[in-house]
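Read in order, the letters of the sequence shown correspond to residues -17 to -1, 1 to 136 in mature numbering (1 follows the signal peptide of the UniProt record, and there is no 0). All remarks here apply to the structure that follows.
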Amino acid sequence: MRRTAGLCLVLALGACAAVPKGGPEPAPAEPAVPVAAVRPPPPQARTAEEFDTTTPAQREAARAAPRGGDARLGLSVASLGDPTDPGFWAVTPLVTRVRPGRLVDPVTGISVQVELRPRDAAPGAGTLVSLPTMRALGVPLTALREIAIHAAQ
């Protein structure tokens, strides 16, 4: 009896180190504009222009077509996130880890590359979008707009 229990324990613990059959997950692609490359807004910022510290080159890079493929995760209602958090990002319940992706406005077809961040909420809870991303999409900052969310593969 003891030998059987010990053997089961050894086999069970050995399975903890098993490598998934698909192999290691590939490293995610880097976003077009690294979030860390965008400086934070000044403490005295009051307007959208003052809070949006992205450069014209960064905005152009974010709107460029993504390299490689991506997968559409779904639609979500977008609203303005924290305007003091710089860069191109979206906090969405449609991802479980930080990863590169893009947002597409189905009305205009405008696409912006972003860093997708997980949101601990139900899938229908909506997506919080950075001020620079809302502006690049051409969405009014006070609007609630349904957007398509894609994750880089």
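Even for Gly, the Cβ is constructed at its ideal location relative to N, Cα and C.
Secondary structure of residue i, DSSP reduced to three states
i, result
"Pro83", "strand"
"Thr67", "coil"
"Gly52", "coil"
"Thr75", "strand"
"Arg128", "strand"
"Gly57", "strand"
"Ala135", "strand"
Straight-line Cα distance separating residue j from residue i
i, j, result
"Ala28", "Phe34", "6 angstroms"
"Arg102", "Ile132", "14 angstroms"
"Arg22", "Thr36", "6 angstroms"
"Gly92", "Pro26", "34 angstroms"
"Asp53", "Asp68", "25 angstroms"
"Ser94", "Asp65", "21 angstroms"
"Thr110", "Pro24", "22 angstroms"
"Gly84", "Glu32", "24 angstroms"
"Asp88", "Leu63", "14 angstroms"
"Val90", "Met117", "14 angstroms"
"Leu99", "Gly121", "19 angstroms"
"Glu129", "Arg42", "21 angstroms"
"Ala134", "Val81", "10 angstroms"
"Leu114", "Ala61", "11 angstroms"
"Pro106", "Gly57", "9 angstroms"
"Gln136", "Ala44", "19 angstroms"
Terminal residues of the beta strand (DSSP E) in which residue i lies
i, result
"Leu111", "110 to 112"
"Pro39", "Looking at the DSSP string, Pro39 is not in any beta strand (DSSP E); the run it does join, the alpha helix (DSSP H), is 39 to 46."
"Val97", "94 to 101"
Terminal residues of the alpha helix (DSSP H) in which residue i lies
i, result
"Ala31", "31 to 34"
Below-7 angstroms beta-carbon distance, residue i vs any chain C residue
i, result
"Val60", "In the displayed structure, chain C is absent; only one protein chain is listed."
**Message:** Tell me whether the stretch 72 to 80 and the stretch 38 to 48 touch, counting them as touching only if at least three CB pairs, one residue from each stretch, are closer than 8 angstroms.
**Reply:** no
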